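J.:
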Amino acid sequence: MSVRPATFPRWIRSLGAWVAELGALMGPVPAATAGEWDTVLFGTLDAGAATFLSAGAKVAPGGAAEDGFVLLASVGAGHRRERGMCACARLPVMASLSRTTALGAVVAGYQWFHEWGVVALFAGPEGSVEMLSGSAGSLPLPARWGLRLHGEVWARPTPETLLQATAILGSSREDAWGRLAWGYRLWGAYLGPEASLYADRTAYRKWNLGLHATDFALGGFSLRASAGVQFETARRPGPYLALAVWTPL
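Right under this line is the structure:
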């Protein structure tokens, strides 16, 4: 089975960027005691057109609510259906294929706390392994390695509002992802609109427009839920749903 990976434009979600976004979710989590070694565990589920699960940890040796060094590590796996050119016959034909992905990243950086919010910058290695499967068999793709750059801002313009921005660049997939969200504190969470954009080397583009509820509590866990409409290259608009959970260790 011979497959041309560059001809697969229907990325449901930037998996590497999506995992990196998880670190941003922990931006407003306070430390129990300033100056201590703090760890936050997190997990996510993307139940849109493709399924993706991930988990990881964010470690702040000087305290999660203090200026200082931060380490973020994450792993994940996903599965989706897509169409692409398959040279499994005498002539290349369009075929329906499954893509299974495993990935991981470790980034380190620094966070700065201000009266109005938090700014954090990260950099580190990323890697992924993928397999394409179809009627003619399966094809493991070579592992890809690269550098990830990740920046985020959590700002509170007023005591009741939240403005969050994240930007991520990855060289292993030659992709870029950004998200901007605003929320108003209501019913124990920040509620408001969100927008995100993803682009990669295959000329694929994806825009998400929706609503989010961020930092609402359920027992000892904090959550973020998002839902809205997704616009993709060469596809009709469709719904997206996402859930993230995090808790201090």
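Here our numbering = 1-based position in the sequence shown + 81.
Just so you know, even glycine gets a beta-carbon here, dropped at the ideal spot from N, CA and C.
Treat the numbers as computed from the prediction; the structure is a model and nothing was measured.
Quick one: is Glu275 buried, meaning 16 or more other Cβ sit within 10 Å of its Cβ, or exposed?
T.: Counting from one through the sequence shown, the residue named residue 275 turns up at place 194. Buried: at least 16 other Cβ atoms inside 10 Å.
J.: Could you tell me whether the Cβ atoms of Asp281 and Glu255 are closer together than 8 Å?
T.: On the sequence shown, residue 281 is found 200 positions in, with the first residue counted as 1. On the sequence shown, residue 255 is found 174 positions in, with the first residue counted as 1. Closer than 8 Å, so yes.
J.: To the nearest angstrom, report how far apart Leu184 and Gly198 are at their CA atoms.
T.: Residue numbering aside, residue 184 sits at position 103 when the sequence shown is read from its first letter. Residue numbering aside, residue 198 sits at position 117 when the sequence shown is read from its first letter. Rounded to whole angstroms, Leu184 to Gly198 spans 31 Å at the Cα level.
J.: Find the nearest neighbour of Ala325 within the set Gly159, Ser135, Glu117, Gly143, judged by alpha-carbon distance.
T.: Within the sequence shown, numbered from 1, the residue matching residue 325 stands at position 244. Ranking the options by Cα distance to Ala325, first place goes to Ser135.
J.: Looking at the structure shown, is Leu222 part of a helix, part of a strand, or coil, going by DSSP?
T.: Here residue 222 refers to the residue found at position 141 when the sequence shown is read from its first residue. Coil, per DSSP.
J.: Taking the straight line between their C-alpha atoms, what separation do you get for Arg162 and Ala224?
T.: Residue 162 sits at position 81 when you count from the first residue of the sequence shown. Residue 224 sits at position 143 when you count from the first residue of the sequence shown. The straight-line gap from Cα to Cα measures roughly 20 Å.
J.: Exposed or buried, Ala113, counting other C-beta atoms within 10 Å across all chains shown (16 or more means buried)?
T.: What you label residue 113 is simply residue 32 of the sequence shown in a count that begins at 1. Confidence is the limiting factor: at Ala113 the pLDDT is only 43, short of 50, which leaves the residue's position unreliable, though a coordinate-based value still follows. With fewer than 16 Cβ atoms within 10 Å of its Cβ, Ala113 is classed as exposed.
J.: With DSSP collapsed to three states, give me the class of Arg254.
T.: The residue you call residue 254 lines up with position 173 of the sequence shown. Coil.
J.: Report the three-state DSSP secondary structure of Val281 (helix, strand or coil).
T.: On the sequence shown, position 200 is the one that residue 281 refers to. Val is not the amino acid found at residue 281; the sequence shown has Asp there. Three-state result, Asp281: coil.
J.: For a test of the three-state rule: what should DSSP assign to Leu243, helix, strand or coil?
T.: For this step, residue 243 is matched to residue 162 along the sequence shown. In the structure shown, Leu243 sits in a strand (DSSP, three-state: E or B).
J.: Around the Cβ of Leu153, are there at least 16 other Cβ atoms within 10 angstroms (buried) or fewer (exposed)?
T.: For the purposes of this step, residue 153 is identified with residue 72 of the sequence shown, where counting begins at 1. With 16 or more Cβ atoms within 10 Å of its Cβ, Leu153 is classed as buried.
J.: I'd like the list of long-range same chain contacts for Ala246, defined as Cβ closer than 6 Å, with 5 residues on each side in sequence excluded.
T.: Within the sequence shown, numbered from 1, the residue matching residue 246 stands at position 165. Val234, Leu261.
J.: Please tell me whether Gly264 and Thr295 are closer than 8 Å, where the distance is taken between their beta carbons.
T.: For the purposes of this step, residue 264 is taken as residue 183 along the sequence shown, with counting starting at 1. For the purposes of this step, residue 295 is taken as residue 214 along the sequence shown, with counting starting at 1. Going by C-beta atoms, Gly264 is nearer than 8 Å to Thr295.
J.: Does DSSP classify Gly227 as helix, strand or coil?
T.: Along the sequence shown, one-based indexing puts residue 227 at 146. Strand, per DSSP.
J.: Run through the segment 285 to 311 for me and flag every whole beta strand (DSSP E) of 3 or more residues, listed as ranges in chain order.
T.: Listed in chain order, the complete beta strand (DSSP E) runs (minimum 3 residues) inside the segment 285 to 311 are 286 to 299.
J.: Consult DSSP for Ala146 and reduce its assignment to one of helix, strand or coil.
T.: If you number the sequence shown from 1, residue 146 lands on position 65. Of the three classes helix, strand and coil, the one that applies to Ala146 here is coil, per DSSP.
J.: For Leu250, I'd like the list of residues in its chain whose CB is within less than 6 Å of its CB, leaving aside the five on either flank, ordered along the chain.
T.: Working through the sequence shown from its first residue, we reach residue 250 at position 169. Result list for Leu250: Leu230, Ala257, in chain order.
J.: Return the chain-ordered list of same chain residues with a C-beta closer than 6 Å to the C-beta of Leu228, the five sequence neighbours on each side being excluded.
T.: Walking along the sequence shown from the start, residue 228 turns up at place 147. Same-chain partners within the cutoff: Ser252.
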